[in-house]
Amino acid sequence: MSYQTEYLRASTQPEDFWKEKAQALEWFKFPSTILTQDEQGMDRWFADGELNTCYLALDHHVKHGRGDQAALIYDSPVTQTKQTYTYQELLDQVSTFAGVLQQQGVTKGDTVVIYMPMIPQATIAMLAVARLGAIHSVVFGGFAAHELAVRIDDAQPKVIVTASCGIEISRIIAYKPLLDEALNQAVHTPNACIVYQREQQVASLVEGRDLAWEEAIAVASPCDCTPVKATDPLYILYTSGTTGKPKGVVRDNGGHAVALNYSMQAIYNMQPGEVFWAASDVGWVVGHSYIVYGPLIYGCTTVMYEGKPIMTPNAGEFWRVCKEYDVKTLFAAPTAFRAIRKEDPQAELLNKDDLAGLRVIFMAGERLDPPTYEWTKAVTGKCIVDHWWQTETGWAICANPIGLEMKIAKPGSSTVPSPGFQVCVLDDQGEPLPPMEQGSIALKRPLPPSCLPTIWGDIDRFKTGYLDVFPGYYTSGDGGYIDEDGYVFIMGRTDDVINVAGHRLSTGEMEEVVAMHDAVAECCVIGINDELKGQLPLGLVLLKNGYEDQAESVQEELIALVRQEIGALACFKIAMVVPRLPKTRSGKILRKLLRQIASGEEFNVPSTIDDPNSIYDIQELMAERGIIVDKMAD
Numbered sequence: 021m022s023y024q025t026e027y028l029r030a031s032t033q034p035e036d037f038w039k040e041k042a043q044a045l046e047w048f049k050f051p052s053t054i055l056t057q058d059e060q061g062m063d064r065w066f067a068d069g070e071l072n073t074c075y076l077a078l079d080h081h082v083k084h085g086r087g088d089q090a091a092l093i094y095d096s097p098v099t100q101t102k103q104t105y106t107y108q109e110l111l112d113q114v115s116t117f118a119g120v121l122q123q124q125g126v127t128k129g130d131t132v133v134i135y136m137p138m139i140p141q142a143t144i145a146m147l148a149v150a151r152l153g154a155i156h157s158v159v160f161g162g163f164a165a166h167e168l169a170v171r172i173d174d175a176q177p178k179v180i181v182t183a184s185c186g187i188e189i190s191r192i193i194a195y196k197p198l199l200d201e202a203l204n205q206a207v208h209t210p211n212a213c214i215v216y217q218r219e220q221q222v223a224s225l226v227e228g229r230d231l232a233w234e235e236a237i238a239v240a241s242p243c244d245c246t247p248v249k250a251t252d253p254l255y256i257l258y259t260s261g262t263t264g265k266p267k268g269v270v271r272d273n274g275g276h277a278v279a280l281n282y283s284m285q286a287i288y289n290m291q292p293g294e295v296f297w298a299a300s301d302v303g304w305v306v307g308h309s310y311i312v313y314g315p316l317i318y319g320c321t322t323v324m325y326e327g328k329p330i331m332t333p334n335a336g337e338f339w340r341v342c343k344e345y346d347v348k349t350l351f352a353a354p355t356a357f358r359a360i361r362k363e364d365p366q367a368e369l370l371n372k373d374d375l376a377g378l379r380v381i382f383m384a385g386e387r388l389d390p391p392t393y394e395w396t397k398a399v400t401g402k403c404i405v406d407h408w409w410q411t412e413t414g415w416a417i418c419a420n421p422i423g424l425e426m427k428i429a430k431p432g433s434s435t436v437p438s439p440g441f442q443v444c445v446l447d448d449q450g451e452p453l454p455p456m457e458q459g460s461i462a463l464k465r466p467l468p469p470s471c472l473p474t475i476w477g478d479i480d481r482f483k484t485g486y487l488d489v490f491p492g493y494y495t496s497g498d499g500g501y502i503d504e505d506g507y508v509f510i511m512g513r514t515d516d517v518i519n520v521a522g523h524r525l526s527t528g529e530m531e532e533v534v535a536m537h538d539a540v541a542e543c544c545v546i547g548i549n550d551e552l553k554g555q556l557p558l559g560l561v562l563l564k565n566g567y568e569d570q571a572e573s574v575q576e577e578l579i580a581l582v583r584q585e586i587g588a589l590a591c592f593k594i595a596m597v598v599p600r601l602p603k604t605r606s607g608k609i610l611r612k613l614l615r616q617i618a619s620g621e622e623f624n625v626p627s628t629i630d631d632p633n634s635i636y637d638i639q640e641l642m643a644e645r646g647i648i649v650d651k652m653a654d
């Protein structure tokens, strides 16, 4: 079916459309009601249906003769380890570990916190929790003890599953002491902690509370799947950058499975048995949706990679993995390709013949700037798809739906809304704006399956944060526009629009221009306070290797370039070369934090930051340039 046909059906006949998509799954009890509202007035999908997500991901495929197919490929350049699990082997390990959890009292509706690195045991633990009808909450491995503690208190886990350590490029991160400190700080106490001991560092266990993974497995019995309602929670995922009370996005079982299964074909154009690689982490939503659940529910082989796009050992690792496992679809954040481009700008480590099996590269997680799009397309010769989604939705709001119809790509656009998502651009009063006018991106209700039905334990926070801003719509928090062809352009968070002498200007648009310069590997534009004009743009620039001695001239050229492309009204007069940009571990630049630094505000170093020193480097440079106003934050 064409994209337009699918999209219109999903918009005008949502119940018929999603009932048809639900029929692709093996339910224990197929739903008789497709779309209803709960007692809180929230839209719910497949409310009286019963299923089990682990059954769909493993048992279903073994039952239908795919037990010998590879399900999970683990590739760890940091430990020089590779391992492949068939569907049968993964099912055996998952069902046995579910027995371990069951022995510790985990039952349907309980929560389990998983605090692990990118190792197969993290996937096994997630699926085992789902097998019992329990709810998992994966916390990114290596998070600070305080941040882990507040998530423990919010999720109230019956059991915590962890590993002794995580392994980075040049260091080992001891997870167990972080967990011990978190439990000292937390009010809640779990029944038990299960620790997977890695040979790189063995952790000490607390008697009476901690269990060694291997020892617990040895005395456990496999257990079957527990049926759950489609509307029962599958997992809680805390959004990055939370401060104070955590914001736990809730994902239900039924809508999640239906939407992800549909997306694997409609958006990613995959076939069962093919290899799909999402180069992310299970601590993020991409890892949940497209390392674990989406590929396995659909019957693909998924790659779990413990490494970085560069320095493990070099900028050719992505290409090596694609060749070695015949990856058909690669999915990563734009920042990964910017890092590769910086280290290997001429793509000398890439042999296009090595990518013969690769069909397409998807990017998401942050805005894909046109220079990164053009470079990746040029050096790989592959179709590049920018798609936009959020932790809250669990799958793509907008994409090039290549499994339905290949759209002509427009650099800077995430193409068109996925079937089920009705994307609108609204002004401050909630009125729809015409094509090409920038405003707030909102999604008309009802939202399609897989979107969050609530915030864990706080329905009022969900309503006020997402639904009450524009009644009848879900507020995305992103700004942008839709062009005359219906293509959606996401220009950044709505607070990334600055007001320069009465002109509302998009910092995303300026970043697009700055990134055009041949010397720029990565950039960020923020608004800083100015007594005369209200705000002025500040460009922070990371240079490609080999351009370091041209920093002064590059800064001048960037100022001229923005003036040429946007105009003098942008008042772009400060371009500052920096050694690194502060980012979350998932690759998002911490723009709000940079604005706080420039404004002299007090700030908290977020738990999600990849390198805290990057903040202080920029703070020092801003002070030297006289950018920071009022006072420097401690």
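What the sequence shown shows, in my numbering, is residues 21 to 654, in sequence order.
From the three backbone atoms N, C-alpha and C, an ideal C-beta is built for every residue, glycine too.
These numbers come from a predicted model, not from an experiment.
Beta-carbon proximity check, residue i vs residue j, cutoff 7 Å
| i | j | result |
| --- | --- | --- |
| ALA590 | VAL598 | no |
| VAL170 | PRO247 | no |
| THR527 | VAL545 | yes |
| PHE441 | LEU463 | yes |
| GLU201 | ALA223 | no |
| ASP130 | ALA154 | yes |
| ALA232 | VAL179 | no |
| VAL445 | GLY432 | no |
| TRP60 | ILE479 | The amino acid occupying residue 60 in the given sequence is Gln; Trp does not appear at that position. In this structure, ILE479 lies closer than 7 Å to GLN60 by Cβ. |
| PHE509 | GLY499 | no |
| ASP630 | ARG605 | yes |
| THR251 | ARG64 | yes |
| ILE134 | VAL181 | yes |
| GLN141 | CYS243 | no |
Residue i (DSSP reduced to helix, strand or coil)
| i | result |
| --- | --- |
| ASP498 | strand |
| THR474 | coil |
| GLY274 | helix |
| PRO6 | Residue 6 lies beyond the stretch modelled for the chain, which goes from 21 to 654, so this question has no answer here. |
| MET596 | strand |
| ARG645 | coil |
| ARG191 | coil |
| ALA356 | helix |
| LEU110 | helix |
| THR262 | Note that THR262 scores 38 on pLDDT, short of 50, meaning its location in the model is unreliable and no value can be drawn from it. |
| CYS213 | strand |
| VAL489 | coil |
| ASP63 | strand |
| ALA232 | strand |
| THR104 | strand |
| CYS245 | coil |
| PRO466 | coil |
| LEU2 | Residue 2 falls outside the range modelled here, since the chain spans only 21 to 654, and no answer is possible. |
Separation of residue j from residue i, as counted between CA atoms
| i | j | result |
| --- | --- | --- |
| LEU76 | CYS543 | 42 Å |
| PRO579 | HIS537 | Here the sequence assigns Ile to residue 579, which means Pro is not the residue at that position. Computed Cα separation, rounded: 11 Å. |
| LEU369 | ALA335 | 7 Å |
| GLY186 | GLY161 | 7 Å |
| GLU363 | PRO437 | 34 Å |
| CYS342 | ARG387 | 24 Å |
| GLU234 | PHE490 | 51 Å |
| GLY261 | GLY303 | In this predicted model, GLY261 has a pLDDT of only 39, less than 50, meaning its place in the structure is not dependable; the value taken from the coordinates is given anyway. So the alpha carbons of these two residues sit roughly 13 Å apart. |
| ASN549 | THR321 | 50 Å |
| ASP79 | GLU585 | 56 Å |
| LEU601 | ILE381 | 24 Å |
| THR332 | GLU326 | 9 Å |
| TYR27 | GLU394 | 28 Å |
| GLN616 | GLN220 | 39 Å |
| TYR494 | THR32 | 18 Å |
Inter-residue CB distance, residue i and residue j (contact presumed, cutoff 8 Å)
| i | j | result |
| --- | --- | --- |
| ALA150 | THR73 | 5 Å |
| LEU378 | LYS348 | 7 Å |
| ILE609 | GLY559 | Actually they do not touch by this definition, with Cβ atoms about 12 Å apart. |
| GLY228 | GLY69 | Not confirmed; about 41 Å, so no contact. |
| MET136 | ALA145 | 7 Å |
| ILE189 | LYS328 | 6 Å |
Residue(s) in a DSSP beta bridge with residue i
| i | result |
| --- | --- |
| TYR325 | ASP95 |
| ARG387 | Note: ARG387 sits in no beta bridge, so no partner. |
| TYR135 | THR182 |
| GLU70 | LYS49, LYS249 |
| SER460 | LEU446, GLY499 |
Minimum Cβ-Cβ distance from residue i to chain D less than 7 Å
| i | result |
| --- | --- |
| ILE404 | Although the question refers to chain D, the structure presented lacks it and comprises just one protein chain. |
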